[in-house]
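Asker: The numbering of the sequence shown is the numbering used here, which starts it at 16 and goes up by one.
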Amino acid sequence: MCGIFGIITNQNNLSLGKVVLEGIKRLEYRGYDSCGIVSLSNSKLFVKKDSGKIDEIQKKINLAEIPNNSKLALAHTRWATHGAPTKINSHPHLDCSNKIAIVHNGIIENFIELRKDLINQGHIFKSDTDTEVIPHLIEQKMKEGLNFKDSIVEALKLCNGAYGLAVCHADYPDLIIVVRKESPLVIGIEEGKTTYLASDIPAFLPLTRKCYIMEDDELAVLKAGEVDFYDLKNDKKINKELQVIEWTIDAAEKGGYEHFMLKEIYEEPTAMQRTLKISKDLLQVFANILWSAENIYITAAGTSFYASLAGKFIVSRFLGKYIQAIECSEFQTQLSNSLKNNSVIIALSQSGETIDTVEAIRWAKSKKNVKILTITNVVGSTLTRYSDNVIVTQAGPEIGVAATKTYCTQVLTLALIALEIAKLRKVELDSDIEKYEMALKSTPQIIEKFLNENIDEIKNIVNTLEKSVQFFFLARGISIATAKEGGLKLKEVACRFIEGYSAAHAKHGPISLVREGFPIIFIAPPDETYQRLIGNVMEFKARGGKIISLVVEDDKTISELSDLTIRIPQPGDKYHNIFSPITFTPALQLLAYYASLLHGLDPDKPLNLSKTVTVH
Ligand code: AGP
Numbered sequence: 016m017c018g019i020f021g022i023i024t025n026q027n028n029l030s031l032g033k034v035v036l037e038g039i040k041r042l043e044y045r046g047y048d049s050c051g052i053v054s055l056s057n058s059k060l061f062v063k064k065d066s067g068k069i070d071e072i073q074k075k076i077n078l079a080e081i082p083n084n085s086k087l088a089l090a091h092t093r094w095a096t097h098g099a100p101t102k103i104n105s106h107p108h109l110d111c112s113n114k115i116a117i118v119h120n121g122i123i124e125n126f127i128e129l130r131k132d133l134i135n136q137g138h139i140f141k142s143d144t145d146t147e148v149i150p151h152l153i154e155q156k157m158k159e160g161l162n163f164k165d166s167i168v169e170a171l172k173l174c175n176g177a178y179g180l181a182v183c184h185a186d187y188p189d190l191i192i193v194v195r196k197e198s199p200l201v202i203g204i205e206e207g208k209t210t211y212l213a214s215d216i217p218a219f220l221p222l223t224r225k226c227y228i229m230e231d232d233e234l235a236v237l238k239a240g241e242v243d244f245y246d247l248k249n250d251k252k253i254n255k256e257l258q259v260i261e262w263t264i265d266a267a268e269k270g271g272y273e274h275f276m277l278k279e280i281y282e283e284p285t286a287m288q289r290t291l292k293i294s295k296d297l298l299q300v301f302a303n304i305l306w307s308a309e310n311i312y313i314t315a316a317g318t319s320f321y322a323s324l325a326g327k328f329i330v331s332r333f334l335g336k337y338i339q340a341i342e343c344s345e346f347q348t349q350l351s352n353s354l355k356n357n358s359v360i361i362a363l364s365q366s367g368e369t370i371d372t373v374e375a376i377r378w379a380k381s382k383k384n385v386k387i388l389t390i391t392n393v394v395g396s397t398l399t400r401y402s403d404n405v406i407v408t409q410a411g412p413e414i415g416v417a418a419t420k421t422y423c424t425q426v427l428t429l430a431l432i433a434l435e436i437a438k439l440r441k442v443e444l445d446s447d448i449e450k451y452e453m454a455l456k457s458t459p460q461i462i463e464k465f466l467n468e469n470i471d472e473i474k475n476i477v478n479t480l481e482k483s484v485q486f487f488f489l490a491r492g493i494s495i496a497t498a499k500e501g502g503l504k505l506k507e508v509a510c511r512f513i514e515g516y517s518a519a520h521a522k523h524g525p526i527s528l529v530r531e532g533f534p535i536i537f538i539a540p541p542d543e544t545y546q547r548l549i550g551n552v553m554e555f556k557a558r559g560g561k562i563i564s565l566v567v568e569d570d571k572t573i574s575e576l577s578d579l580t581i582r583i584p585q586p587g588d589k590y591h592n593i594f595s596p597i598t599f600t601p602a603l604q605l606l607a608y609y610a611s612l613l614h615g616l617d618p619d620k621p622l623n624l625s626k627t628v629t630v631h
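#1: Using only the heavy atoms of ligand 1, determine whether one of them is closer than 8 Å to the beta carbon of residue 626.
#2: State the Cα-Cα distance for the pair residue 450 and residue 291, rounded to the nearest angstrom.
#3: Smallest Cα separation from residue 405: which of 445, 375, 430 and 361?
#4: Quick one: is the Cβ of residue 177 within less than 8 Å of any heavy atom of ligand 1?
#5: Kindly provide the chain-ordered list of residues whose Cβ lies closer than 5 Å to any non-hydrogen atom of ligand 1.
#6: Buried or exposed: which applies to residue 159, given that a residue is buried once 16 or more other Cβ atoms fall within 10 Å of its Cβ?
#7: One question on the structure: do residue 214 and residue 45 come within less than 9 Å of each other, judged by their Cβ atoms?
#8: Three or more beta-carbon pairs under 8 Å between the segment 548 to 565 and the segment 508 to 515, yes or no?
#9: For residue 345, does the three-state DSSP call read helix, strand or coil?
#10: Just to confirm the assignment: which complete beta strand (DSSP E) runs, minimum length 3, are found wholly within the segment 59 to 109?
#11: In three-state terms, what does DSSP make of residue 604?
#12: Return yes when the Cβ of residue 328 is within less than 9 Å of the Cβ of residue 378, no when it is not.
#13: If you draw a straight line from the alpha carbon of residue 228 to that of residue 574, how long is it in whole angstroms?
#14: For residue 154, tell me which candidate among 135, 177 and 114 has the shortest Cα-Cα distance.
#15: Between 286, 550, 501 and 485, which has its C-alpha nearest residue 530's C-alpha?
#16: With distances taken from CA atoms, which of 447, 458, 53 and 37 is nearest residue 597?
#17: Would you say the segment 251 to 261 touches the segment 291 to 306, given that touching needs at least three Cβ pairs under 8 Å?
#18: Less than 8 Å between C-beta atoms, sequence neighbours within five positions excluded: which residues of the same chain meet that for residue 380?
#19: Measure the Cβ-Cβ separation of residue 280 and residue 221 and say whether it is below 9 Å.
#20: Leaving out the 5 sequence neighbours to the left and right, which residues in its chain are closer than 6 Å to residue 97 when beta-carbon positions are compared?
#21: Determine, using beta-carbon pairs with one atom in the segment 245 to 257 and one in the segment 409 to 423, whether at least three such pairs fall under 8 Å.
#22: Can you check which of these residues, 91, 411, 177 and 75, is closest to residue 124 by C-alpha distance?
#23: Looking at C-alpha atoms only, which residue of 562, 243 and 456 is the closest neighbour of residue 535?
#24: Just the C-alpha distance for residue 630 and residue 235, rounded to the nearest angstrom, thanks.
#25: Residues in its own chain within less than 6 Å of residue 157 by CB, not counting five upstream and five downstream?
#26: Any idea what DSSP makes of residue 502, helix, strand or coil?
#27: Assess, as a yes-or-no matter, whether the segment 73 to 91 is touched by the segment 50 to 64 under the definition of 3 or more beta carbon pairs within less than 8 Å.
#28: In this structure, what does DSSP give as the bridge partners for residue 361?
#29: Considering only residues of the segment 402 to 442, which uninterrupted alpha helix (DSSP H) runs meet the minimum length of 4 residues and lie entirely inside it, listed in chain order?
#30: When DSSP labels each residue in this structure, what does residue 142 get in the three-state scheme?
#31: Could you have a look at residue 176 and say whether DSSP puts it in helix, strand or coil?
#32: At which residues does the alpha helix (DSSP H) containing residue 550 begin and terminate?
#33: State the start and end residues of the unbroken beta strand (DSSP E) segment that holds residue 486.
#34: Indicate the three-state DSSP secondary structure (helix, strand or coil) for residue 232 in the structure shown.
Now the structure itself:
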């Protein structure tokens with residue numbers, strides 16, 4: 016939630032405004048309610064900010080225009096939590112003297128009390144945000160005689176909550192101070208020339224590949240081309256390892272596609288090829304731990320949760336044990352009295368920063384002796400620090416707010432673990448395991464073929480359904496996960512109302528909504544649920560429902576019952592069917608993408624969403 020970017024340089028030939036604008040735009044997936052930039056020139060701060068998306072604000076007030084001699088700037092793109100998305104509430108926020116400016120990602124939980132105290136001390140607030148207490152607290156500490164850095168340290172001791180923040184001071188034009196607690200922050204560096212700060216690496220990747228990843232309770236003093244790190248708790252200097260990023264910015268840019276979402280769907284085959292190469296040793300570590308565990312939980316949010324539903328189904332199938340999937344925000348409440356020692360918890364998260372997932376894990380670790388197995392797409396993310404073992408999915412950077420390629424790689428990773436378990440347990444014939452492996456390895460080609468051959472069909476279905484505003488996505492067995500994930504995509508990017516549900520259970524209530532022409536998307540791979548699903552299709556058809564089915568290429572029965580059909584190119588046998596969430600979901604992602612375009616929406620920036628949810 017919220018993106019922050021900053022730069023401090025000694026280079027004269029750098030177009031600072033342009034660099035800052037491009038940097039903050041690369042973080043817009045984190046929030047796009049409002050944006051602002053502060054720069055510094057001749058001991059004065061210059062602030063430009065407004066509500067809206069960055070391009071709109073740039074057009075309106077020329078955000079990128081900053082004083083020529085400025086060598087420092089901070090920028091922020093906001094996902095509103097405290098205070099409406101207005102100009103006044105947008106960052107940066109300043110103190111009373113307009114000398115101290117801050118950009119902040121996170122939440123100061125005790126801001127109401129702090130604000131009251133500061134107002135009693137004579138401070139004047141301009142916004143409704145929690146963030147604004149910080150510059151006033153720093154101002155207060157400086158008035159009390161502390162230096163700039165110590166004032167920040169002391170001010171933050173009074174704040175409860177999470178922050179990734181950057182502060183500059185009009186009288187200190189040669190430094191920026193940044194602090195991290197629970198909200199991600201990375202520092203990029205061109206030694207001797209320029210230093211960058213950002214919520215995420217792609218923000219500065221076209222400028223430098225060298226970076227430091229900040230940990231919780233660390234403070235960094237940034238100067239042009241140099242940086243010093245301190246432990247916030249004892250103020251001691253610390254040495255951090257400089258990392259060199261291997262991937263290039265191309266991976267995080269649109270590369271000729273109209274939207275990141277479309278690009279990332281088309282990247283699925285290669286992302287999966289990379290994921291298929293995850294080390295066998297690592298998969299076996301996960302497999303062994305799961306095999307010897309008595310209680311296994313899997314927890315996540317949103318799309319990662321639906322990947323958990325699909326993945327736990329596959330793992331349980333080969334493990335022969337039940338895995339309980341619990342949404343991360345409910346994990347603590349549901350297990351408050353029942354979490355057992357030696358439980359194994361699988362945490363799934365694209366970003367590795369979703370606060371409810373991180374908190375579920377932290378809580379479990381604080382209560383019992385548990386093992387945490389994390390599957391994430393981001394190396395060094397917060398979740399990895401609380402984990403006993405980590406697998407990094409190989410999706411590459413995902414910028415579109417709607418998760419697409421990361422869903423496929425998450426399910427694939429769990430499927431790979433499942434097959435290692437199958438080998439360990441020896442409950443399947445070796446020849447069967449081989450066929451399952453072959454089936455799994457063919458999933459990238461199946462998706463590639465679908466993406467190459469079926470776009471017109473998807474567009475046609477989207478056009479036919481143009482007037483529909485509510486949908487059911489129904490399925491049985493493992494495909495309920497596909498129904499929920501496909502429904503979530505359409506909900507997020509095309510603003511349609513969706514119920515993703517069990518086809519069998521839908522007759523216990525939801526079916527009462529069905530009238531002539533009500534669209535129902537049935538996910539119908541030819542697995543063990545197929546025969547019964549036919550009955551469910553009939554029930555909805557009998558009530559006038561418009562039936563759209565997702566079936567395999569040579570399907571006969573359900574496609575004949577359907578008004579519209581999407582055919583997934585895969586042989587319908589047991590070896591492939593268990594992996595159907597991987598091969599069927601891209602069709603639903605594309606459906607959502609083209610529906611979004613048809614309704615004039617921006618699929619990369621769905622209303623009210625943020626890619627990384629760091630608030631409870
Ligand atoms: C996916 O399309 C959503 N934007 C959202 O549900 C997301 O999957 C969820 O916030 C979890 O994020 P994570 O995987 O980074 O933990």
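Note that beta-carbon positions come from the ideal geometry of N, C-alpha and C, so glycine has one too.
Answerer: Looking at the coordinates:
#1: Checking the 8 Å criterion, the Cβ of residue 626 is within range of a heavy atom belonging to ligand 1.
#2: Looking at the backbone, the Cα of residue 450 and that of residue 291 are separated by about 15 Å.
#3: When each option's Cα is compared against that of residue 405, the closest is 361.
#4: Result no, Cβ not under 8 Å from ligand 1.
#5: Ordered along the chain, residues surrounding ligand 1 are 316, 317, 318, 319, 364, 365, 366, 369, 417, 418 and 628 [Cβ under 5 Å from any heavy atom].
#6: Answer is exposed; the Cβ neighbour count stays below 16.
#7: A contact, by the Cβ cut-off of 9 Å.
#8: The answer is no - the segment 508 to 515 does not touch the segment 548 to 565, with fewer than three Cβ pairs under 8 Å.
#9: Of the three classes helix, strand and coil, the one that applies to residue 345 here is helix, per DSSP.
#10: With a minimum length of 3 residues, the continuous beta strand (DSSP E) runs that stay inside the segment 59 to 109 are 59 to 66 and 87 to 93.
#11: Three-state DSSP puts residue 604 in a helix.
#12: Against a cut-off of 9 Å, the Cβ pair of residue 328 and residue 378 comes out as no contact.
#13: Going from the Cα of residue 228 to the Cα of residue 574 covers about 51 Å.
#14: Just measuring C-alpha positions, the residue of 135, 177 and 114 sitting nearest residue 154 is 114.
#15: That would be 485, whose Cα lies nearest to the Cα of residue 530.
#16: Closest in alpha carbon position to residue 597, among 447, 458, 53 and 37, is 458.
#17: These segments do not touch.
#18: Counting only Cβ-Cβ distances below 8 Å, and skipping sequence neighbours, we find 387 and 401.
#19: Judged by their CB atoms, residue 280 and residue 221 are not nearer to each other than the 9 Å cut-off.
#20: Excluding sequence positions up to five before and after residue 97, its CB lies within less than 6 Å of the CB of 144 and 145, all in the same chain and listed in chain order.
#21: Short answer: they don't touch.
#22: Here the closest residue by C-alpha is 177.
#23: Ranked by Cα distance from residue 535, the first of 562, 243 and 456 is 562.
#24: Per the coordinates, the alpha-carbon of residue 630 lies some 24 Å from the alpha-carbon of residue 235.
#25: Counting only Cβ-Cβ distances below 6 Å, and skipping sequence neighbours, we find 166.
#26: If DSSP states are grouped into helix, strand and coil, residue 502 belongs with the helices.
#27: Contact between the segment 50 to 64 and the segment 73 to 91 is present: 3 or more CB-CB pairs across the two stretches fall below 8 Å.
#28: Partner(s): 313 and 388.
#29: Counting only runs of 4 or more, we get 420 to 440.
#30: Residue 142 sits in coil when the DSSP states are folded into three classes, being neither helix nor strand.
#31: Three-state result, residue 176: strand.
#32: Run containing residue 550: 545 to 557, per the alpha helix (DSSP H) assignment.
#33: Residue 486 -> beta strand (DSSP E) spans 485 to 490.
#34: Note: residue 232 maps to coil in three-state DSSP.
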